[in-house]
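Chains as they are written, first to last, in the numbering used here: chain A, 6 to 309; chain B, 6 to 309. One structure is given below, encoded as C-alpha cells.
There are 2 protein chains.
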Amino acid sequence: MAITVVGSVAYDSIETPAGKRERCLGGAATHFSLAASFFTGVRVIAVVGEDFGPRQEAVFAKRNVDTRGIERAAGKSFFWSGSYMENLNEAKTHQTDLNVFAGFDPKIPAEYADSQFLFLANIDPVLQRRVREAMPGVKLVAGDTMNYWIHDHKPALLEVLKGLDILLINDTEARMLAGENNLVCAARIIQAMGPQTLVIKHGEYGASLYHKVDGRESFFKVPGLPLDEVVDPTGAGDSFAGGFFGYLASQKEQTPEVFRTAMFYGSVMGSLAVERFGTERIANLEAAEIEARFKIFRELTHIG
Amino acid sequence: MAITVVGSVAYDSIETPAGKRERCLGGAATHFSLAASFFTGVRVIAVVGEDFGPRQEAVFAKRNVDTRGIERAAGKSFFWSGSYMENLNEAKTHQTDLNVFAGFDPKIPAEYADSQFLFLANIDPVLQRRVREAMPGVKLVAGDTMNYWIHDHKPALLEVLKGLDILLINDTEARMLAGENNLVCAARIIQAMGPQTLVIKHGEYGASLYHKVDGRESFFKVPGLPLDEVVDPTGAGDSFAGGFFGYLASQKEQTPEVFRTAMFYGSVMGSLAVERFGTERIANLEAAEIEARFKIFRELTHIG
C-alpha cells in the first residue's frame with residue numbers, strides 16, 4: 006500500500022573524514038522516499054525552488070517515486086551544510102537556509118488521497134499536524150522529530166504526537182521529550198502522549214522497538230552493523246525510517262513479526278545509506294543488495 | 006570442564022540511586038565464579054584477610070565453588086567503595102584499600118592442575134601472566150583488564166595479551182588499548198596483539214563478539230535488556246564473563262554457535278546481577294530463572 010511522506014527535499018553540503026560534497030540532493034523526504042521505494046509505492050509532499058531541475062527529478066523517477074506533490078516555488082530550495090569531523094554520530098551544522106521552505110504550506114494532491122500510510126518527516130510540527138488532519142482516513146501514521154522542536158515547540162509537537170501511531174526518535178531526544186533518563190521509563194511516558202509504538206535509535210548501537218503485543222509491553226532490538234568506515238551519516242535515520250515504514254506498508258497485516266522484520270529492514274537501509282555521500286548509495290541500489298544485507302543482520306543476531 | 010579463575014575476592018561498599026550497602030561480598034573472582042558455577046565447576050585463586058569468615062565461605066559453598074585456592078593472609082581483605090549516583094554506567098570510586106591483595110602471590114593448588122579453562126580476572130597483569138605461565142596446558146584462556154592497566158602498565162599487559170585466546174573489555178578500554186576510535190578497526194588491532202576473540206561490552210547497549218570463523222572475520226551482537234531499574238551495576242561485567250565463559254567451558258566443542266549462545270548466557274547473567282546489590286541476586290538464583298531470562302533475550306533479538 007502506498008505511503009505519502011511530507012518533509013524536506015533539499016541540497017546538502019557535507020564534510021566528513023571521508024571527503025566532502027557540495028550541494029548534493031538531500032532532505033528527510035528524499036532519503037525516506039528513496040529507501041521506502043524498494044518496498045512500496047511512495048508519494049512525496051514537499052516544496053523546492055527553481056534550482057531543482059531534471060537531474061534531481063530523475064533520481065526520484067528512477068525509483069518510481071510520485072513527485073506530483075512536490076511544489077515548485079520561486080526562489081531557492083532548502084539548503085543545509087554541516088560536518089562530522091569529530092563525531093560521526095552528530096552533525097555540526099554550519100548553515101541552514103530555509104529558502105522556499107520558510108513559506109511551505111503542504112498541499113495534498115487528489116491522487117494521494119487513497120494513501121493508507123502516512124509518514125511525517127522531521128519538519129515544523131504545525132505542518133505535520135496540518136497534513137495529518139488533512140488525511141484522516143490513513144491506516145497507520147508514523148513521524149519523526151528533532152531536539153529543536155522538542156525544546157522550542159513542545160506544545161505543537163504534543164498535538165502531533167496525539168495523532169501518531171509510531172514515533173521514531175533518537176535516545177537523546179526521547180530522554181528530552183520524556184524528561185526521564187531511563188529509556189524504558191521514557192518510552193512509557195511518550196506512549197502516554199499518543200504513539201503506542203516507539204522506535205528509539207541508538208546511532209552506532211542500533212535501534213529499539215517499544216510497543217505492545219496483546220496488551221503487554223514488548224521490546225525488540227536490532228544492533229548497529231559493525232562498520233569499519235562510515236562515509237556520510239547524513240540521511241541514515243531517514244533511510245532507516247524508509248526501510249522500516251516501507252516494509253510495514255508492503256505487508257497486508259502489521260503483526261508483531263512484521264514489526265520485528267521492519268526493524269531489520271530499517272537497519273539494512275540505514276547501514277547501506279552511510280556507505281556513500283548523500284543519496285548515492287540508496288539511489289543506485291539493487292534489490293539483491295538489500296536481501297544480502299538483511300542476511301548479514303540475521304547472522305549478526307540469531308544464534309542458529 | 007572446570008574453570009580456574011584468578012582475581013579479587015573483596016568487600017564492597019556501594020551506593021546507587023536504589024540504596025546503599027556496607028561491606029558486601031564482592032570482587033571480580035567472586036562475581037565471576039558465582040555466575041559460572043551455574044554452568045560448570047569453578048576453582049578460585051585469590052587472597053583474603055582475617056575478616057573473611059564462614060558467612061562469606063558459605064556463599065561459595067552453596068554454589069559448589071572450589072575455594073581451596075583462596076589463601077588466608079594476616080590483615081584485611083581487599084576493600085572498595087564507590088557510588089553510581091550520577092551515571093549507572095560508571096562507578097565513582099571513593100576508596101580502594103588493597104590490604105592483603107598488595108602482597109598477593111597466586112599459588113595454584115595441585116587439585117586445580119587439570120583445569121582446561123582459565124579466566125584471568127581484572128588484576129595486575131604481572132600476576133595474570135604468572136598464573137597463565139603456571140598453567141601452560143589449558144585449552145582456552147580468557148581475561149579481563151581495565152583502563153588503569155592499559156594506561157599505566159601497558160608493557161606488562163601486552164605480555165598477557167599474547168597468552169590470551171579471549172579478551173573481554175569495554176568500548177572505552179578497547180579504543181584506549183588500540184589507539185583507534187572505530188571499534189571494528191580497534192578490534193583488528195587488538196587481535197594482532199594476541200587474543201583472536203574479543204568480547205566488547207557496551208554497557209546498556211549490550212555486547213559484541215569479534216572473532217574469526219573459517220578464517221574470516223565474524224561478528225555477533227547481543228543487546229542490553231531494557232531494564233526500568235538497575236539496582237547495582239557492580240559485578241555486571243564479571244557476571245557476564247562468568248555466564249559467557251562458564252557456558253563455553255560446559256560445552257564439548259567451542260563452535261561458532263556455542264560462542265553465540267555463550268554471548269546470550271553472558272548477557273543473561275549480567276542482566277540478572279544488576280537486579281540486586283552485590284552478589285545477592287546470583288548467589289540465590291535458580292537455574293530456571295536463567296532459562297527464562299535466556300528466552301527473553303531470544304524474543305528480544307530473533308524475528309521468528
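Note that the Cβ used here is the ideal one computed from N, Cα and C, for glycine as well.
Cβ contact (3+ pairs, closer than 8 Å) linking the region 60 to 73 of chain A and the region 84 to 104 of chain A: Fewer than three pairs of CB atoms, one per stretch, sit closer than 8 Å, so the region 60 to 73 of chain A makes no contact with the region 84 to 104 of chain A.
Nearest neighbour of A:V204, chosen from A:K25, A:F37, A:T98 and A:A192 [CA to CA]: For the residues A:K25, A:F37, A:T98 and A:A192, the minimum Cα distance to A:V204 belongs to A:A192.
Straight-line Cα distance separating A:Q196 from A:G247: Taken atom to atom, the span from the alpha-carbon of A:G247 to that of A:Q196 is near 22 Å.
Closer than 8 Å to chain B by CB, A:Y117: So no, A:Y117 is outside the interface.
Helix, strand or coil at A:A278 according to DSSP, with G and I counted as helix: Helix, per DSSP.
A:V70 - DSSP class collapsed to helix/strand/coil: Collapsing the DSSP output to three states places A:V70 in coil.
Helix, strand or coil at B:I346 [DSSP, three-state]: Outside the shown range of chain B, which is 6 to 309, sits residue 346 of chain B, and nothing can be said about it.
Short CB-CB distance (under 8 Å) between B:G220 and chain A: No - not a single Cβ of chain A is within 8 Å of the one on B:G220.
8 Å Cβ cutoff met for B:A118 and B:G12: Taking 8 Å as the Cβ cut-off, B:A118 and B:G12 do not qualify as a contacting pair.
B:E55 - DSSP class collapsed to helix/strand/coil: Three-state result, B:E55: coil.
A:F224: contacting residues in chain B (beta-carbon distance under 8 Å): Per Cβ cutoff of 8 Å: P231 and L305.
Completely contained beta strand (DSSP E) runs for the region 117 to 164 of chain A, where each covers 3 or more residues: For the region 117 to 164 of chain A, the continuous beta strand (DSSP E) assignments of 3+ residues that do not extend past its boundaries occur at 122 to 125 and 145 to 149, in sequence order.
Cβ contact check for the region 181 to 189 of chain B and the region 254 to 262 of chain B: 3 or more pairs under 8 Å: In short, these stretches do not touch, since the Cβ pair count stays below three.
Rounded straight-line distance, which links the Cα of B:T9 to that of A:F302: Their Cα atoms are separated by approximately 35 Å.
Buried/exposed call for A:R60, threshold 16 Cβ in 10 Å: So A:R60 ends up on the exposed side.
Rounded straight-line distance, which links the Cα of B:A267 to that of B:Q256: In this structure, the straight-line span from the alpha carbon of B:Q256 to that of B:A267 is close to 10 Å.
Nearest-angstrom beta carbon gap, B:F122 and B:M6 [assumed within contact, 8 Å]: With 8 Å as the limit, B:M6 and B:F122 qualify as a contact, their Cβ atoms being about 6 Å apart.
Delimiting residues of the alpha helix (DSSP H) encompassing A:F37: Counting along the chain, the alpha helix (DSSP H) containing A:F37 begins and ends at A33 to A41.
Limits of the unbroken alpha helix (DSSP H) element including B:A183: Element bounds for B:A183: D176 to A183.
B:E258 - DSSP class collapsed to helix/strand/coil: The answer is coil: DSSP assigns B:E258 none of H, G, I, E or B.
Span separating the alpha-carbon of B:A139 from that of B:P130: Taking the straight line joining both Cα atoms gives about 14 Å.
Rounded straight-line distance, which links the Cα of B:V279 to that of B:L103: Approximately 24 Å, taken between the alpha carbons.
Any chain A beta carbon closer than 8 Å to B:N152: Taking Cβ atoms only, chain A never reaches closer than 8 Å to B:N152, which makes this a no.
beta-carbon A:A288 near the ligand HEM non-hydrogen atom, thresh 7 Å: The ligand HEM is absent from the structure shown, which contains no ligands of any kind.
Members of the region 265 to 283 of chain B near chain A, C-beta cut-off 7 Å: For the region 265 to 283 of chain B, which is checked against every Cβ of chain A, the residues closer than 7 Å are R265, T266 and F269.
CA nearest to the CA of B:R180, picked from B:R221, B:H207, B:K167 and B:P160: Taking only the C-alpha atoms, the option nearest B:R180 is B:H207.
Within 8 Å of chain A by C-beta, residues of the region 37 to 54 of chain B in sequence order: Of all residues in the region 37 to 54 of chain B, none has a Cβ within less than 8 Å of some Cβ in chain A.
Through-space distance from B:V146 to B:K167, alpha-carbon basis: Those two C-alpha atoms are separated by around 11 Å.
Check whether A:P111 and A:I19 have beta carbons under 8 Å apart: No, they are not a contact pair.
Partners in chain A for B:S213, counting only beta-carbon separations shorter than 8 Å: Those are P228 and P231, listed as they occur along chain A.
Beta strand (DSSP E) segment containing A:K206, residue limits: Note, A:K206: beta strand (DSSP E), T202 to K206.
Within-8 Å CB hit, B:V189 to chain A: It does; some Cβ of chain A falls within 8 Å.
Beta-bridge pairing of B:L214 - partner residues as DSSP gives them: Beta-bridge annotation (DSSP): B:L214 is paired with B:V204 and B:F225.
Classification of A:R286 by the beta-carbon crowding that lies within 10 angstroms, buried from 16 upward: The residue is buried, with at least 16 neighbouring Cβ atoms inside 10 Å.
Candidates A:T284, A:L305, A:P238 and A:A293: closest to A:F269 by CA position: Here the closest residue by C-alpha is A:L305.
Rounded C-alpha distance that separates A:G251 from A:A40: Their backbone Cα atoms lie some 8 Å apart in a straight line.
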